[in-house]
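Trainee:
Residue numbers (our numbering), protein chains in the order written: chain A, 3 to 162; chain B, 3 to 162.
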């Protein structure tokens, strides 16, 4: 009982929340017209495709590094051929791999100090929090891109 | 030791992370020119002042409701007199109150089911996560507003 009262969130719940966020981000990718996904931006920022590739470069490789202890390289590019479908397929592939990596998460101490991608110091907890927060941050920017294109973004609280 | 390995995040760390996010959002408010804070928007969205008032309406009242059990009303407006300083003062006031409320958080079961503001069902954990995620989401939108105004936003990872 003590444990229930004092625990903020379980590892299982964290994975559920993360994947729920990733489902919402996937919907934002889907909502973009093909061309604007790769070309449209505001204020000199990156197109949403570039942000999506950053998120792809962080999520699965970052978690893999955490559960395996083997250093990962940060790679924010992929051969997308200007096709949204290629990014969506990479997204779904990462979804499956994240779930598979998570099977090893029980053995991981979230207070352990790590160096993500050989350059970002923190703990397992702060690294995973950063991965998710960075996704929410950029997704929010995608919402503005969509609105300025006259497109209604997916509802923020619908994560199914 | 078992506890350390299995705990994702402590309540103390959650408060620290939340207040770090709130410091960053405060910097985003500060970065806006006075006029654009209240008037500027993209794609028919709200000016950042309106988003900031939403965040003010949620954070302290939402946490107060959680720790006291007394229902709070959602109020996303305040008498700002078109002065950014009034919003910043409300922000700092909320910062202090959040810290004070948090002194009662040890007694709170994060799995307890609650109804925030009489309308949003969830658990204490999901409610607090939503408060923070919603802030990151809207702050990301503020970044686009700033960039489109030619203003460099604060660095996402600097929370001091």
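Where a beta carbon is used, it is the ideal one built from N, C-alpha and C, also for glycine.
Beta-carbon of residue 34 of chain B versus every beta-carbon of chain A: anything under 9 Å?
Mentor: Locating residue 34 of chain B in the second chain gives position 32, counting from the first residue. Chain A contact via Cβ: absent.
Trainee: Please say whether residue 124 of chain B and residue 135 of chain B have beta carbons closer to each other than 9 Å?
Mentor: The count along the second chain starts at 1 and reaches residue 135 of chain B at position 133. The count along the second chain starts at 1 and reaches residue 124 of chain B at position 122. Result no, Cβ atoms of residue 135 of chain B and residue 124 of chain B do not sit closer than 9 Å.
Trainee: With a 10 Å radius around its C-beta and 16 neighbouring C-beta atoms as the bar for buried, classify residue 32 of chain B as buried or exposed.
Mentor: Position 30 of the second chain, counted from the first residue, corresponds to residue 32 of chain B. Classification for residue 32 of chain B: exposed.
Trainee: Taking all protein chains shown into account, do 16 or more other C-beta atoms lie within 10 angstroms of the C-beta of residue 121 of chain B, making it buried, or fewer, making it exposed?
Mentor: Locating residue 121 of chain B in the second chain gives position 119, counting from the first residue. It counts as exposed.
Trainee: Is the CB-CB distance between residue 34 of chain B and residue 73 of chain B below 9 Å?
Mentor: The count along the second chain starts at 1 and reaches residue 34 of chain B at position 32. The count along the second chain starts at 1 and reaches residue 73 of chain B at position 71. Contact flag unset, no.
Trainee: Determine whether the beta carbon atoms of residue 96 of chain A and residue 58 of chain A lie at a separation below 9 Å.
Mentor: Numbered from 1 along the first chain, position 94 holds the residue referred to as residue 96 of chain A. Numbered from 1 along the first chain, position 56 holds the residue referred to as residue 58 of chain A. Yes, these two residues count as a Cβ contact at 9 Å.
Trainee: For residue 99 of chain A, which residues from the same chain have a beta carbon less than 7 Å from its beta carbon, with the 5 sequence-adjacent residues on both sides left out?
Mentor: Residue numbering aside, residue 99 of chain A sits at position 97 when the first chain is read from its first letter. So the list reads 62, once near-sequence residues are dropped.
Trainee: Taking only the alpha-carbon atoms, compute the straight-line gap between residue 140 of chain A and residue 102 of chain B and give it to the nearest angstrom.
Mentor: Sequence index remark: in the first chain, residue 140 of chain A carries index 138 (1-based). Sequence index remark: in the second chain, residue 102 of chain B carries index 100 (1-based). If I take the Cα positions, the gap works out to 32 Å.
Trainee: Kindly identify the DSSP beta-bridge partner or partners of residue 118 of chain A.
Mentor: Mapped onto the first chain, residue 118 of chain A falls at position 116. DSSP, once it has assigned bridges, lists A/122 as partnering residue 118 of chain A.
Trainee: By Cβ distance, which residues of its chain are closer than 6 Å to residue 68 of chain A, with the 5 residues on each side in sequence left out?
Mentor: As a first step, residue 68 of chain A is located in the first chain; it is residue number 66 there, counting from the start. Same-chain partners within the cutoff: 126.
Trainee: Does residue 28 of chain A get closer than 9 Å to chain B when you measure Cβ to Cβ?
Mentor: Taking the first chain and counting its residues from 1, the one referred to as residue 28 of chain A is at position 26. Not one chain B Cβ lies under 9 Å of residue 28 of chain A.
Trainee: Within the continuous alpha helix (DSSP H) that includes residue 69 of chain B, where are the two ends?
Mentor: For the purposes of this step, residue 69 of chain B is taken as the residue at position 67 of the second chain. Start and end: 50-70.
Trainee: Let me see if you follow: with CB-CB separation under 9 Å, is residue 120 of chain B close to chain A or not?
Mentor: Mapped onto the second chain, residue 120 of chain B falls at position 118. Residue 120 of chain B does not count as touching chain A.
Trainee: Grab the span of the alpha helix (DSSP H) containing residue 86 of chain B for me, first residue to last.
Mentor: Walking along the second chain from the start, residue 86 of chain B turns up at place 84. Unbroken alpha helix (DSSP H) run through residue 86 of chain B: 86-104.
Trainee: Would residue 162 of chain A pass as an interface residue toward chain B - the criterion being a Cβ-Cβ separation below 9 Å?
Mentor: If you number the first chain from 1, residue 162 of chain A lands on position 160. Chain B, which has no Cβ nearer than 9 Å to the Cβ of residue 162 of chain A, makes this no.
Trainee: Who are the near neighbours of residue 79 of chain B in its chain, counting only those whose CB is closer than 7 Å to its CB and skipping five residues on each side?
Mentor: Here residue 79 of chain B refers to the residue found at position 77 of the second chain. Closer than 7 Å at the Cβ level, and outside the excluded window around residue 79 of chain B, lie 55.
Trainee: Quick one, which of A/93, A/87 and A/27 has its alpha-carbon nearest residue 148 of chain A's?
Mentor: For this step, residue 148 of chain A is matched to residue 146 along the first chain. When only C-alpha atoms are compared, the closest one is A/27.
Trainee: How many Å lie between residue 60 of chain A and residue 83 of chain B at the Cα?
Mentor: Indexing the first chain from 1 puts residue 60 of chain A at position 58. Indexing the second chain from 1 puts residue 83 of chain B at position 81. Going from the Cα of residue 60 of chain A to the Cα of residue 83 of chain B covers about 43 Å.
Trainee: Just to confirm the assignment, what range does the alpha helix (DSSP H) spanning residue 31 of chain A have?
Mentor: To locate residue 31 of chain A, count along the first chain from 1; it is residue 29. Per DSSP, residue 31 of chain A belongs to the alpha helix (DSSP H) from 13-33.
Trainee: Would you mind telling me which residues of chain B sit closer than 7 Å to residue 131 of chain A, beta carbon to beta carbon, in chain order?
Mentor: Here residue 131 of chain A refers to the residue found at position 129 of the first chain. Within 7 Å Cβ-Cβ: 19.
Trainee: Report the rounded CA-to-CA distance for residue 159 of chain A versus residue 133 of chain B, giving the unit in angstroms.
Mentor: Along the first chain, read from residue 1 onward, the residue named residue 159 of chain A stands at position 157. Along the second chain, read from residue 1 onward, the residue named residue 133 of chain B stands at position 131. Residue 159 of chain A and residue 133 of chain B: Cα-Cα distance of roughly 11 Å.
Trainee: Are the C-beta of residue 103 of chain A and some C-beta of chain B separated by less than 9 Å?
Mentor: In the first chain, the residue the question calls residue 103 of chain A occupies position 101. Closer than 9 Å: no.
Trainee: Where residue 112 of chain B and residue 111 of chain A are concerned, what is the direct C-alpha to C-alpha distance, given to the nearest angstrom?
Mentor: Walking along the second chain from the start, residue 112 of chain B turns up at place 110. Walking along the first chain from the start, residue 111 of chain A turns up at place 109. About 21 Å.
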